[in-house]
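Have a look at the structure below before the remarks.
There are 2 protein chains.
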Amino acid sequence: MTTTAQAGGSWVEGSDASGFGIENLPYGVFSRPGELPRVGVAIGAYVLDLAGLASAGLIDDRRWFASGSLNAFMVAGRAAWDACRARLTVLLADGADAELRERTRAHLVPLGEAELLRPFEVADYVDFYSSEHHATNVGRMFRPGGQALQPNWKRLPVAYHGRAGTVYPSGTPIVRPCGQRRPSEPGGEPTFGPSLRLDGEVEVGFVAGVPSAPGRGVPTGAFRDHVFGFVLVNDWSARDLQTWEAQPLGPFLAKSFATSISPWVVPVAALEAARTAPPRQDPEPMPYLRCDEPWGLDLTLELLINGQVASRPPFASMYWTSPQQLAHATVNGAPLRTGDLFASGTVSGPERGQRGCLLELSWNGEEPVVLPDGAKRLFLEDGDTVTIRATAPGTAGGTISLGEVTGTIHPAQHP
Amino acid sequence: MTTTAQAGGSWVEGSDASGFGIENLPYGVFSRPGELPRVGVAIGAYVLDLAGLASAGLIDDRRWFASGSLNAFMVAGRAAWDACRARLTVLLADGADAELRERTRAHLVPLGEAELLRPFEVADYVDFYSSEHHATNVGRMFRPGGQALQPNWKRLPVAYHGRAGTVYPSGTPIVRPCGQRRPSEPGGEPTFGPSLRLDGEVEVGFVAGVPSAPGRGVPTGAFRDHVFGFVLVNDWSARDLQTWEAQPLGPFLAKSFATSISPWVVPVAALEAARTAPPRQDPEPMPYLRCDEPWGLDLTLELLINGQVASRPPFASMYWTSPQQLAHATVNGAPLRTGDLFASGTVSGPERGQRGCLLELSWNGEEPVVLPDGAKRLFLEDGDTVTIRATAPGTAGGTISLGEVTGTIHPAQHP
């Protein structure tokens, strides 16, 4: 099917240069007024209705697509994913025969008529901490004079479990959380109220489709057999809650109020051309973390605040790769479930303009970030809209888009 | 209905003195060979088949009971829970009329014929750290010379999210996890292999039935409107993995391999007589953590290793109560979902014989615990069976049992 795509683009008008061309074909869930949610694929300015295609006998379907989530299709496995992608490529390619083309066209829904929903039901949600630049910056801020990276950091991909029940689709309003805020000085009294240091974090996540058996890990070489695709993630964070609550068991309320994900799940197969060598790992990882293939991903990310680019974090700079994260998370025998979401941790590069959150951009609230339009921010204000978007090289030499995840800060409700 | 129970016991033979008398009536899910799982209630040495009772028209049912989980009934809410409990009390009371009694008896299944399953589907799993004695012991072990309790500990109930997908029913074999084990000295190399410091933790959990709206917390006074009941929890822990991985984001693989819960969910209403004043809280908690009613619970817990009592942790000594934990976990606007499980953290009392895990009992592996039969343990060995059981005062002056949660350690599987 890659051959088909390389031979040309798609007959869908404007799709080739849209980032949602035939090289991409990400899956999502959409609804139209008065209709039940169903699975679709983005192509140009349209959603291709897979439930409709299946009803018309144009694609194979085993009750995968007339569903409000991708989970049924995600559990079907790599052979089903590959076959569906190959078939969609045939239907959408420039070379498709005229009758097939017209029958397919009948199931294109303009994006403007579709509401994009959360694409899958999240089982467990794990958040890593895999950017060396991010972890180093945080270490320098919070442990001045100490080692920037803790001794375990280059030995294993540090992670924690987050709250699956508050993973929301892009566009969900983000209500500023209340909680106990750190004392202004050591030994002082905490205060209660709306977070005064609200932040977002640029992350990339992958979602498991095929479960794994309890007691058996998922080796790095089996990544493609279990993982369905990638989404963009905004790991909203209340820094004043976090620094107060997180000892000794890690972040809790500072993160659990909301995590946003992008509507389109980009298949692993669409990211083949984005794969690149990750940074050299020294010391050499333990055997269970070694990976024969390069699994860095050359994604170009952007963090926007009110439409202004605040930074451009380079995902290829991530120290730990996705297969290493998955191998680590399962090496203790914990099984995967369909819908398990694994986020990368904040993506930050070595330059100031590559930092993936306001905590780093404003250096813990000390130096305002100046946006291109002159606006300044230490942390997020009510009304601010935060958007993360990303592109990657496509398999046929074009560019594919991972779409965007966005959210607007609403004032605190409590008490 | 309490009046009915106080007037006497149940006609079910032997139930009054069993801990599973008419004052208790905990819910679970069971199956018999060749039959689908369904909801039942423990009474004496029987499970009362609620799906059967409903089919016979003896209790109200809205597709709550012919199910492999309690979730459908849990979401029905307090009025439904109270009505069901009242009706079961009528059916099972000594004074029940003869015809009703015989029609009910037809749905008693001997426990020996029933396999008890995981009682509910876990949505998110949160683990607290609410025993002052436990937190103090851990602080003394790992921060000698420092403050035993960290500054946030008496201000908020510290907690983290655990892995919902590895919450297993009692009796599930516990395979010793592999992972990176802490270096033997600071700056040394970690090693990979089976955990050498495997532990269990005596905990008590509560499970949410009725969801809450995003953005609105669950005040302490609304606890009964959302929480369905209590279970026993063993929070299995690999200490050598934990001390290495947990900085700065908390425990991950050291806990995520397995958490076991007891099969019977004891309704909140059954624990009315167990409610007691919790320890005095100083400093006074913030308003959102204040509670008008006493919510300490006088549960008598036992930790057994291979049938030998290793300790008797007193749950009434917990510093933070269940309604405070729930109010805290939702004060940031995170909504509750049906099946959200909140565990207390290790329960430890002030005496050595009241410590709820081997980490404390052996003082970080330095002083062997000597069991009544002379066996010694620093941590768990392959083949060890760990059981947690508990009783509480019943509403009619008797004793109710929370049953038990048990698990046997199997050797590591991984290379």
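Protein sequence lines, in the order shown, are assigned to chains A and B.
Going left to right, the first sequence walks through residues 1 to 415 as UniProt numbering numbers them.
Going left to right, the second sequence walks through residues 1 to 415 as UniProt numbering numbers them.
Ideal placement from N, C-alpha and C gives every residue a C-beta, glycine not left out.
* **Closer than 8 Å to chain B by CB, SER344/A** => no
* To do: Would you check if there are 3 or more beta carbon pairs closer than 8 Å linking the stretch 244-259 of chain A to the stretch 209-223 of chain A?
  => no
* Verify whether the separation of the beta carbon atoms of ALA316/B and ASP298/B is less than 8 Å. => yes
* Asked: Since SER55/A is in the alpha helix (DSSP H), which residue starts that stretch and which ends it?
  -> 50-55
* From which residue to which residue does the beta strand (DSSP E) around LEU341/A run? -> 341-343
* So who's on the other strand from GLU201/A, going by DSSP bridges? -> CYS357/A
* Asked: So who's on the other strand from GLN180/B, going by DSSP bridges?
  -> PHE192/B
* Asked: Mind checking if GLU381/A is an interface residue toward chain B, Cβ cutoff 8 Å exclusive?
  -> no
* Asked: Going along the chain, which residues of the stretch 386-411 of chain A sit with their C-beta nearer than 8 Å to a C-beta in chain B?
  -> none
* Going by beta carbon distance, what residues of the same chain come within less than 6 Å of GLY77/A, once the five residues before and after it are set aside? -> VAL210
* To do: With a 10 Å radius around its C-beta and 16 neighbouring C-beta atoms as the bar for buried, classify PRO372/B as buried or exposed.
  => exposed
* To do: Starting from PRO323/B, follow the beta strand (DSSP E) in both directions and report where the run begins and ends.
  => Per DSSP, PRO323/B belongs to no beta strand (DSSP E); it is in the alpha helix (DSSP H), 322-330.
* **Environment of PHE20/B [buried if 16+ CB atoms lie within 10 Å]** => buried
* Is it the case that the Cβ atoms of SER69/A and SER170/A are separated by a distance below 8 Å? -> no
* Could you check if ALA51/B is buried or exposed, using at least 16 other CB atoms within 10 Å of its CB as the buried criterion? => buried
* **Distance between GLU284/A and PHE128/A (C-alpha atoms, nearest Å)** => 19 Å
* For CYS357/B, which residues in chain A fall below 8 Å Cβ to Cβ? -> Those do not exist, as CYS357/B stays about 15 Å from chain A at its closest Cβ, beyond 8 Å.
* Can you tell me whether DSSP reads HIS133/A as helix, strand or coil? -> helix
* Tell me where the alpha helix (DSSP H) around ARG78/A begins and ends. => 78-92
* Asked: Got a sec? Which residues, its chain only, sit under 6 Å from VAL231/B by beta carbon, not counting five neighbours each side?
  -> GLY205, ILE261, SER262 and VAL265
* Would you say SER256/B faces chain A, with C-beta separation under 8 Å as the test? -> yes
* Would the stretch 402-413 of chain A and the stretch 160-170 of chain A be scored as touching if the rule is three or more Cβ pairs under 8 Å? -> yes
* Let me know the secondary structure DSSP gives ASP61/B once reduced to three states. => coil
* Spatial neighbours of ASN152/A in its chain, beta-carbon cut-off 8 Å, leaving aside the 5 residues before and after -> VAL158
* Asked: CB PRO278/A to CB PRO294/A, shorter than 8 Å?
  -> yes
* Neighbouring residues, chain A, relative to ALA159/B (Cβ below 9 Å) -> GLU245, LEU249, PHE252 and LEU253
* To do: Below 8 Å CB to CB, which residues in the same chain sit around SER10/A once its five sequence neighbours on both sides are set aside?
  => ASP16, GLY21, ILE22, ILE43, GLY44, LEU92, ALA93 and ASP94
* **Partner residues on chain A for THR166/B, Cβ-Cβ distance less than 9 Å** => ASP124, PRO214, GLY333, ALA334 and PRO335
* Measuring CB to CB, does PRO194/B end up less than 8 Å from ARG182/B? -> no
* **Supposed close pair GLN281/B, SER130/B - CB separation, criterion 8 Å** => 11 Å between Cβ atoms; not a contact.
* **Min CB distance GLY179/A to chain B below 8 Å** => yes
* Could you name the residues of chain A that PRO279/B contacts, counting a contact when the two beta carbons are closer than 7 Å? => Those do not exist, as PRO279/B stays about 20 Å from chain A at its closest Cβ, beyond 7 Å.
* Thinking VAL331/A and GLY162/B are a contact (beta carbons under 8 Å), I'd like their distance in whole angstroms, please. => Going by Cβ atoms, the distance from VAL331/A to GLY162/B rounds to 17 Å, so no, they are not a contact pair.
* To do: Quick one: residues in its chain with C-beta nearer than 6 Å to the C-beta of PHE228/A, no 5 flanking neighbours on either side, listed in chain order?
  => MET74, VAL207 and GLY209
* 8 Å Cβ cutoff met for THR395/B and THR300/B -> no
* Do GLY356/B and PRO313/B have their C-beta atoms within less than 8 Å of each other? -> yes
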